[in-house]
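J.: With full-length UniProt numbering as the guide, the letters of the sequence shown map in order to residues 1 to 229.
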Amino acid sequence: MSEAGAPHPTLAERLASVQAGIADAARASGRQPSEITTIVVTKFHPASLVRALSELGVRDVGENRHQEAQAKAAELAGLPLRWHFVGQLQSKKAKQVRAYADVIHSIDRPALLTGLSGEKVIDCFLQVNLTDNPERGGVAPAALDALVDQTLATPGLRLLGLMAVAPLDEEPRRAFARVRELSESIRGAAPGATALSMGMSQDFADAIAEGATHLRIGTAITGNRPQPE
Ligand SMILES: *Cc1c(COP(=O)(O)O)cnc(C)c1O
Numbered sequence: 001m002s003e004a005g006a007p008h009p010t011l012a013e014r015l016a017s018v019q020a021g022i023a024d025a026a027r028a029s030g031r032q033p034s035e036i037t038t039i040v041v042t043k044f045h046p047a048s049l050v051r052a053l054s055e056l057g058v059r060d061v062g063e064n065r066h067q068e069a070q071a072k073a074a075e076l077a078g079l080p081l082r083w084h085f086v087g088q089l090q091s092k093k094a095k096q097v098r099a100y101a102d103v104i105h106s107i108d109r110p111a112l113l114t115g116l117s118g119e120k121v122i123d124c125f126l127q128v129n130l131t132d133n134p135e136r137g138g139v140a141p142a143a144l145d146a147l148v149d150q151t152l153a154t155p156g157l158r159l160l161g162l163m164a165v166a167p168l169d170e171e172p173r174r175a176f177a178r179v180r181e182l183s184e185s186i187r188g189a190a191p192g193a194t195a196l197s198m199g200m201s202q203d204f205a206d207a208i209a210e211g212a213t214h215l216r217i218g219t220a221i222t223g224n225r226p227q228p229e
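#1: Going by beta carbon distance, what residues of the same chain come within less than 6 Å of G138, once the five residues before and after it are set aside?
#2: In terms of DSSP beta bridges, what is G137 paired with?
#3: Assuming I39 and L215 are in contact, meaning their beta carbons sit under 8 Å apart, how far apart are those beta carbons, in whole angstroms?
#4: Look at the Cβ atom of M198, then the Cβ atom of A212, and state whether they are nearer than 8 Å.
#5: What does the Cβ neighbour count give for D24, buried or exposed, with the cut at 16 atoms within 10 Å?
#6: Is the beta carbon of G218 closer than 8 Å to that of V41?
#7: Under the criterion of a Cβ to heavy atom distance below 7 Å, does A142 qualify as lining ligand 1?
#8: Which one of P167, Q90 and R158 has the shortest CA to CA distance from A195?
#9: Tell me the DSSP secondary structure of L76 in three-state form.
#10: Where the beta carbon is closer than 5 Å to any heavy atom of ligand 1, which residues qualify, in chain order?
#11: Going by C-alpha to C-alpha distance, which of Q32, F176, A177 and D149 sits closest to G192?
#12: Comparing C-alpha positions only, which one of A20, R14 and T10 sits nearest to A205?
#13: Please tell me whether R65 and K43 are closer than 8 Å, where the distance is taken between their beta carbons.
#14: In three-state DSSP terms, what is T194?
#15: Give the single residue among I122, L147, H45 and D203 whose Cα lies nearest to the Cα of A71.
#16: Does the distance from the CB of L76 to the CB of R51 come in under 8 Å?
#17: Between E184 and chain D, is the shortest Cβ-Cβ distance under 8 Å, so that the two count as touching?
#18: Roughly how many whole angstroms lie between the Cα atoms of L147 and Q96?
#19: Would you check if the distance between the CB atom of L112 and the CB atom of A94 is smaller than 8 Å?
#20: Look up H84 in the DSSP assignment and say whether it is helix, strand or coil.
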């Protein structure tokens, strides 16, 4: 909440301020800001907000619920946007998600791969679970190698790398270092899978320090999310 009388920052101001923070964090780690793709996560927000972001030059947007994502992608089909699906995937919806998503960040089990195979090649990440709770989504690190092999054998999927969400009870920087190490461990099988989708509104600087190439940032840019219906 801003103080009484203080103006609310506009969408353009929040976007500019996050972009400046990303550039600072990149330079502090000896990296180029241009190596980093910022995906603005627009879940629960109306299509009009996505359109406003597009007018401000945003090219990558992220959604985590299939029906909502599908509707927005259809409504905004004329805009130069790349749609990233970052939420938990149901296997019976996988084929439909593939129809509008340019990049899928949340592949976490072999059962999804049949539905995600296809002729058109789309980019994907394998989501790793950094907690001991299977409900959190993501493949357990012990099962990652097998999922990498199965993904590489699936037609129509180009494996970019790994995705993760930092657990609530661990230092984000330590958690992101674990993802980086896992990424190095799959390089033999998947030399091209060098990308790291990690870092959100509260922890993107730590993610950049550990090599994040794709940030998924919601509230710091969009403002608070409306309640989901
Ligand atoms: C909502 C969401 C984000 C963005 O979270 P913020 O804290 O709003 O930046 C990133 N990744 C995933 C998977 C999400 O569901």
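A virtual CB, placed ideally from N, CA and C, is assigned to each residue, including glycine. None of these values were measured; they are calculated from a predicted model.
T.: Based on what the coordinates show:
#1: Counting from one through the sequence shown, the residue named residue 138 turns up at place 138. Result list for G138: D108, Q127, V128 and N129, in chain order.
#2: Translated into the one-based positions of the sequence shown, residue 137 becomes position 137. Answer is none; G137 lacks a bridge partner.
#3: Taking the sequence shown and counting its residues from 1, the one referred to as residue 39 is at position 39. Taking the sequence shown and counting its residues from 1, the one referred to as residue 215 is at position 215. Sure, about 7 Å apart at Cβ, within 8 Å.
#4: Numbered from 1 along the sequence shown, position 198 holds the residue referred to as residue 198. Numbered from 1 along the sequence shown, position 212 holds the residue referred to as residue 212. Yes, the Cβ-Cβ distance between M198 and A212 is below 8 Å.
#5: On the sequence shown, position 24 is the one that residue 24 refers to. Exposed, because fewer than 16 other Cβ atoms sit within 10 Å of the Cβ of D24.
#6: As a working note, residue 41 is residue 41 in the sequence shown. As a working note, residue 218 is residue 218 in the sequence shown. Cβ atoms of V41 and G218: closer than 8 Å.
#7: Residue numbering aside, residue 142 sits at position 142 when the sequence shown is read from its first letter. No - ligand 1 has no heavy atom lying nearer than 7 Å to the Cβ of A142.
#8: Start at 1 with the first residue of the sequence shown, and residue 195 comes out as number 195. The candidate whose alpha carbon is nearest that of A195 is R158.
#9: Stepping through the sequence shown from its first residue, residue 76 is reached at position 76. Of the three classes helix, strand and coil, the one that applies to L76 here is coil, per DSSP.
#10: V41, N64, V86, M200, S201, R216, I217, G218 and T219
#11: Within the sequence shown, the letter at position 192 stands for residue 192. Considering only alpha carbons, the answer is D149.
#12: Stepping through the sequence shown from its first residue, residue 205 is reached at position 205. The shortest C-alpha separation from A205 is found at A20.
#13: Numbered from 1 along the sequence shown, position 65 holds the residue referred to as residue 65. Numbered from 1 along the sequence shown, position 43 holds the residue referred to as residue 43. Contact: yes.
#14: Working through the sequence shown from its first residue, we reach residue 194 at position 194. It is coil, neither helix nor strand.
#15: Here residue 71 corresponds to residue number 71 of the sequence shown, with the count starting at 1. The option with the nearest alpha carbon to A71 is H45.
#16: As a first step, residue 76 is located in the sequence shown; it is residue number 76 there, counting from the start. As a first step, residue 51 is located in the sequence shown; it is residue number 51 there, counting from the start. A contact, by the Cβ cut-off of 8 Å.
#17: The question asks about chain D, but that chain is absent: this structure has only one protein chain.
#18: In the sequence shown, residue 147 corresponds to position 147, counting from 1. In the sequence shown, residue 96 corresponds to position 96, counting from 1. Roughly 21 Å between the two C-alpha positions.
#19: Here residue 112 corresponds to residue number 112 of the sequence shown, with the count starting at 1. Here residue 94 corresponds to residue number 94 of the sequence shown, with the count starting at 1. Yes, these two residues count as a Cβ contact at 8 Å.
#20: Numbered from its first residue, the sequence shown carries residue 84 at position 84. H84: strand per DSSP, three-state reduction.
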